[in-house]
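In the working numbering, each number is its position in the sequence shown, counted from 1, plus 243. Quick notes on the structure that follows.
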Amino acid sequence: MNLTHWHGRLMLRRPRSEWADATVMLGGGGARGLAHLGAMRAIGHSGIGVGRMVGVSMGALMAALCAVERDVERAETLARDFLESDRYRTLQQRVVGAAAGASGRDESNARWLRRWTRLFWAQKAIGRAARTESLLPSTLLEAITDELLPDIAIEDLRTPLHLIAVDLRTGERLILDRGPLRKAVVASMSIPGVFPAVEIDGRRLSDVGVYDAVPCDLAEQVMNGVGELIVIDVSPTESAHAECKTALQSVMRFQELAEERIRQQQLKLADLVVRPQLGKVAWFDFTNPDPLIQAGYEAAAGALAAVE
Numbered sequence: 244m245n246l247t248h249w250h251g252r253l254m255l256r257r258p259r260s261e262w263a264d265a266t267v268m269l270g271g272g273g274a275r276g277l278a279h280l281g282a283m284r285a286i287g288h289s290g291i292g293v294g295r296m297v298g299v300s301m302g303a304l305m306a307a308l309c310a311v312e313r314d315v316e317r318a319e320t321l322a323r324d325f326l327e328s329d330r331y332r333t334l335q336q337r338v339v340g341a342a343a344g345a346s347g348r349d350e351s352n353a354r355w356l357r358r359w360t361r362l363f364w365a366q367k368a369i370g371r372a373a374r375t376e377s378l379l380p381s382t383l384l385e386a387i388t389d390e391l392l393p394d395i396a397i398e399d400l401r402t403p404l405h406l407i408a409v410d411l412r413t414g415e416r417l418i419l420d421r422g423p424l425r426k427a428v429v430a431s432m433s434i435p436g437v438f439p440a441v442e443i444d445g446r447r448l449s450d451v452g453v454y455d456a457v458p459c460d461l462a463e464q465v466m467n468g469v470g471e472l473i474v475i476d477v478s479p480t481e482s483a484h485a486e487c488k489t490a491l492q493s494v495m496r497f498q499e500l501a502e503e504r505i506r507q508q509q510l511k512l513a514d515l516v517v518r519p520q521l522g523k524v525a526w527f528d529f530t531n532p533d534p535l536i537q538a539g540y541e542a543a544a545g546a547l548a549a550v551e
């Protein structure tokens with residue numbers, strides 16, 4: 244791609260004013276992916292022409308929502324309204340047993356986060372993982388996509404959309420750019436072991452973002468050498484001094500290091516990388532979307548201003 248590094252800054256060969264057919268990749272990151280909406284709003288304000296979008300995991304949902312709505316501010320409103328809706332609170336109740344009521348929302352959300360944490364670390368969850376395909380049913384992901392996205396085919400979108408998933412049987416990373424939009428988004432978001440894999444054309448597809456949150460090499464394939472690649476990376480920052488006092492901590496640290504190594508290699512292919520400052524937001528913490536959206540806007544606006 245068209246980049247060199249100089250004193251840690253990206254030096255682009257073409258001025259930003261000439262970016263008329265950019266590809267925007269929205270990476271994986273769970274709730275942190277809400278920052279994608281703010282970043283897309285900043286890209287829209289900059290006047291850059293977006294020729295296509297690539298989405299991974301939560302980035303797949305955000306990319307699909309932006310491709311459908313095109314008006315990013317409306318997409319933000321839809322996402323925010325859904326997260327504050329009775330429908331979403333009911334889903335929380337069914338999945339983890341805690342929902343935010345009409346009053347005492349902060350207290351209920353705190354309970355909800357504690358329930359999520361216990362769900363993934365309690366002994367009963369480990370036992371369930373040994374007996375069943377997934378810790379959670381696909382109900383939550385399907386309800387979210389049904390609420391936010393129309394029942395249309397990917398190829399019918401005005402903005403070309405490419406969603407990334409992995410075939411659990413073969414390990415092959417796949418680009419989904421045809422077929423039912425909702426099903427493809429659910430496949431890209433289905434974290435292995437947490438949600439069941441999605442069957443598409445005889446393949447069992449899951450979230451590739453667990454180990455490859457920004458597969459820029461696949462974005463290059465769909466670009467065919469045309470335009471610039473802008474990557475919105477919402478991955479958590481690697482801890483420099485992680486605790487590895489238990490076997491589980493050691494295994495998770497190893498996975499974190501492997502993911503970080505892959506991510507850094509992939510980002511070398513991008514023309515511009517936007518890294519919102521999101522702090523230590525857990526992937527399942529959707530309780531406060533506004534700061535995440537705003538952080539995405541500020542990061543993208545700042546990055547774009549630097550390459551005027």
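Beta carbons: idealized from backbone N, C-alpha and C, even for Gly.
task: Have a look at the DSSP bridge pairing and note the partners of Ala265.
output: In the sequence shown, the residue the question calls residue 265 occupies position 22. In DSSP, Ala265 forms a bridge with Val293.
message: Using beta carbons (cut-off 8 Å, strictly below), is Met432 in contact with chain B?
response: No chain B is part of this structure, which consists of one protein chain only.
- prompt: Which value, in whole angstroms, describes the spacing of the CA atoms of Pro258 and Ala542?
  reply: The residue given as residue 258 occupies position 15 in the sequence shown. The residue given as residue 542 occupies position 299 in the sequence shown. Straight through space, the alpha carbons of Ala542 and Pro258 are spaced by roughly 19 Å.
query: Tell me which same chain residues have a C-beta within less than 6 Å of the C-beta of Ile505, skipping the five on either side of it?
result: As a working mapping, residue 505 is identified with position 262 in the sequence shown. Hits under 6 Å: Asp455.
- request: Indicate whether the contact test is met: 3 or more Cβ pairs, each with one atom in the region 377-386 and one in the region 398-408, closer than 8 Å.
  value: Touching, no, given that fewer than three Cβ pairs across the two stretches are closer than 8 Å.
- request: Please name the residue, chosen from Met283, Leu326, Thr530, Gly539, that lies closest to Gly292 on a Cα-to-Cα basis.
  value: By one-based count along the sequence shown, residue 292 stands at place 49. Looking only at Met283, Leu326, Thr530, Gly539, the smallest Cα-Cα distance to Gly292 is reached by Met283.
Buried/exposed call for Ser431, threshold 16 Cβ in 10 Å: Indexing the sequence shown from 1 puts residue 431 at position 188. So Ser431 counts as buried.
message: My assumption, with CB atoms under 8 Å, is that Thr266 sits in contact with Leu472. Please give the rounded CB distance.
response: Locating residue 266 in the sequence shown gives position 23, where the first residue counts as 1. Locating residue 472 in the sequence shown gives position 229, where the first residue counts as 1. Yes, they are in contact, since the Cβ atoms of Thr266 and Leu472 sit about 5 Å apart, within 8 Å.
field: Cβ-based neighbour list, Met305, same chain, cut-off 7 Å, excluding 5 preceding and 5 following
entry: Stepping through the sequence shown from its first residue, residue 305 is reached at position 62. The residues are Leu269, Gly276, His279, Leu280, Gly298.
message: For the pair the region 423-430 and the region 438-453, tell me if three or more CB-CB distances fall below 8 Å.
response: By the Cβ test, the region 423-430 is in contact with the region 438-453, since at least three Cβ pairs between them sit closer than 8 Å.
field: Exposure label - Glu502; buried when at least 16 CB within 10 Å
entry: Translated into positions along the sequence shown, residue 502 becomes position 259. Glu502 is buried by the Cβ-count criterion.
query: Cα separation between Ala462 and Arg330?
result: As a first step, residue 462 is located in the sequence shown; it is residue number 219 there, counting from the start. As a first step, residue 330 is located in the sequence shown; it is residue number 87 there, counting from the start. Each residue's alpha carbon lies about 35 Å from the other.
query: In terms of DSSP beta bridges, what is His405 paired with?
result: Translated into positions along the sequence shown, residue 405 becomes position 162. Note: His405 sits in a beta bridge opposite Val297.
query: Which class does Ala513 belong to by DSSP, given the choice of helix, strand or coil?
result: Sequence index remark: in the sequence shown, residue 513 carries index 270 (1-based). Ala513 falls in the coil class under three-state DSSP.
message: Considering only DSSP beta bridges, list what Pro435 is partnered with.
response: To locate residue 435, count along the sequence shown from 1; it is residue 192. In the DSSP output, where bridge partners are listed per residue, Pro435 has Phe438.
field: For Val477, the nearest candidate out of Gly290, Met301, Glu261, His288 (CA to CA)
entry: Looking up residue 477 in the sequence shown gives position 234. The residue with the shortest Cα to Cα distance from Val477 is Met301.
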